[in-house]
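S.K.: Below is one structure. I have some questions about it.
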Amino acid sequence: MKQGFSEKIWTKSFISISLTQFLLFTVFYALMTTLPLFVISDLGETETKAGLVATFMLATAILIRPFSAKIIDRYGKKNILFLAVFAYLLATVLYIFVDAFTPLAIVRLFHGLSFGIVTTVTGAIVADIIPASRRGEAIGYFAMSNSIAMVIGPFIGLGLIHYIAFRGLFIVLSVFMVVAVVSSLMIDAKKLAPRHNISGPIRLSDMFDKNALPISLISVLVGIAYGSILSFVPVYAESLSLAHASSYFFLVYAFVMVLSRPYLGRLFDQKGPRFVLLPSLAVFAIGLFVLSGTHSVFVFMLAAVLIGLGYGTVLPGFQTVIVKQAGVNRSSQAFSTFFTCYDLGIGAGSFLWGAVSSAYGFSNMYLSSGLSIVLAAIMFDMYLVRMKKRVNKTK
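Everything in the sequence shown is counted per our numbering, starting at 367 for the first residue and increasing by one.
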């Protein structure tokens, strides 16, 4: 145990990939929380079309992700990381020139291509450079870059649009992406697993990993629920006359994640997935139920605490499980499988909840969202029981 915990996590490459991830997701969350408002207020469109903002981006991310694993293996993780981050920068710049819904949809589709590749390759790089004995802890730390981005992105986005409007925000986010491009070049390629000179037709095994599939399918339900958070919390807050509190929701939500992840990551390594992830899913569901009954700032922030504590552990925990099941050599395929399913959930959820909120209101929308997490917890428990039986048979 002592030897394992003496292995270093915070190397130059780990810091660089974490910074790159942080900047990518700062831009992602800033856009996800402000573009629905942009669609409704500046473009004069409906809540249903506002929900499609996420769906368009994630649709192309889902389409490209199955092919990204083979592209990464063929051309090398660092090369693909740079190209994907640069394309992400280009997409961010294009928002500056959007003045109607159709051009916005086209930019979102293009943005999704780079997003689908970059989120696969960053996970694969991390799997290469972290010590196996501290995998849960290290992935928890890496996921903190996402958590902090959940604070900075919405806080910057929802704050700046009141001072410099949407196009000013898009310029600021473009500057962030220039820094991300530079950061992606700082990763030591020698620390990464060698690329494979793969030729011939793409096989199903080049795109997906069957060992990662069960958890990935469960992540669809988590993504569906999370889509309601990403796309509609600011709009929901405005409908409750709590617009001033929407940016603080994400601040509290992510602050709780940042505080809890290192401890829960170590607990995951020591106690295993059942001990950590089932309670986390339960807390996530309770948070969504509380959010559905929001009537004051206090209840709104209580929901943020519960959702941050619950969801904040689920995603890195699932990623740790799939790396263990698939193996480091199949990490590109494992992350491709996982994020294809997860993005499918977010995209479907954003569209679904847009329609549900228009027809039945935001309260019923978040109540339904919480039920999807209850179903995810049941499926995850069934998965753990099946895996335990399989292990017992091999003994």
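All residues carry an ideal CB built from backbone N, CA and C; glycine is no exception.
(1) Just the Cα atoms here: how many angstroms apart are L460 and V473?
(2) Using 10 angstroms around the beta-carbon of W376, count the other beta-carbons present and answer buried if the total reaches 16, otherwise exposed.
(3) Spatial neighbours of F327 within its chain, please: C-beta separation below 7 Å, excluding the five flanking residues on both sides.
(4) For the putative contact between F666 and A700, defined by C-beta atoms under 8 Å, what is the C-beta separation to the nearest angstrom?
(5) In chain order, what residues of the same chain have a beta carbon less than 6 Å from the beta carbon of M552, not counting five sequence neighbours either side?
(6) Excluding the five sequence neighbours on either side, which residues of its own chain have a C-beta within less than 7 Å of the C-beta of F650, listed in chain order?
(7) Are S466 and L409 closer than 8 Å when you measure CB to CB?
(8) How is G410 classed by DSSP in three states: helix, strand or coil?
(9) Which residue's Cα is closest to the Cα of S702: S407, G482 and P682?
(10) Give the single residue among D494, A493, L455 and T486 whose Cα lies nearest to the Cα of F476.
(11) Please classify N767 as buried or exposed, where buried requires at least 16 neighbouring CB atoms within 10 angstroms.
(12) Pick helix, strand or coil for I530, following the three-state DSSP scheme.
(13) Using the three-state DSSP reduction, which class does G659 fall into: helix, strand or coil?
(14) Report yes if the CB atom of I514 is closer than 8 Å to the CB atom of A396, and no otherwise.
(15) When burial is assigned at 16 or more other CB atoms within 10 Å of the CB, is G478 buried or exposed?
(16) Mapping the DSSP letters down to three states, classify A509 as helix, strand or coil.
M.R.: A quick look at the data gives this:
(1) Within the sequence shown, residue 460 is the residue found at index 94, counting from 1. Within the sequence shown, residue 473 is the residue found at index 107, counting from 1. Distance between the alpha carbons of L460 and V473 is about 7 Å.
(2) Counted from its first residue, the sequence shown places residue 376 at position 10. By the 10 Å Cβ count, W376 comes out exposed.
(3) Since the first residue of the chain shown is 367 and the last is 761, residue 327 is not available in this structure.
(4) Locating residue 666 in the sequence shown gives position 300, where the first residue counts as 1. Locating residue 700 in the sequence shown gives position 334, where the first residue counts as 1. F666 to A700, Cβ: 36 Å. No contact.
(5) Here the question's residue 552 lines up with position 186 in the sequence shown. Hits under 6 Å: S382.
(6) In the sequence shown, residue 650 corresponds to position 284, counting from 1. Correct list, in chain order: I673, G676, Y677, V680 and I739.
(7) In the sequence shown, the residue the question calls residue 466 occupies position 100. In the sequence shown, the residue the question calls residue 409 occupies position 43. Note that residue 466 is Ala in the sequence shown here, rather than Ser. In this structure, L409 lies closer than 8 Å to A466 by Cβ.
(8) Taking the first residue of the sequence shown as 1, we reach residue 410 at position 44. Correct three-state label for G410: coil.
(9) Residue numbering aside, residue 702 sits at position 336 when the sequence shown is read from its first letter. It is G482 whose Cα lies nearest to the Cα of S702.
(10) Translated into positions along the sequence shown, residue 476 becomes position 110. It is L455.
(11) It is not possible to answer for residue 767, since the shown part of the chain is limited to 367 through 761.
(12) As a first step, residue 530 must be located in the sequence shown, where it is residue number 164. In this structure, I530 counts as coil in the three-state DSSP scheme.
(13) Start at 1 with the first residue of the sequence shown, and residue 659 comes out as number 293. Three-state DSSP puts G659 in coil, outside helix and strand.
(14) As a first step, residue 514 is located in the sequence shown; it is residue number 148 there, counting from the start. As a first step, residue 396 is located in the sequence shown; it is residue number 30 there, counting from the start. Taking 8 Å as the Cβ cut-off, I514 and A396 do not qualify as a contacting pair.
(15) Numbered from its first residue, the sequence shown carries residue 478 at position 112. With 16 or more Cβ atoms within 10 Å of its Cβ, G478 is classed as buried.
(16) Within the sequence shown, the letter at position 143 stands for residue 509. Three-state result, A509: helix.
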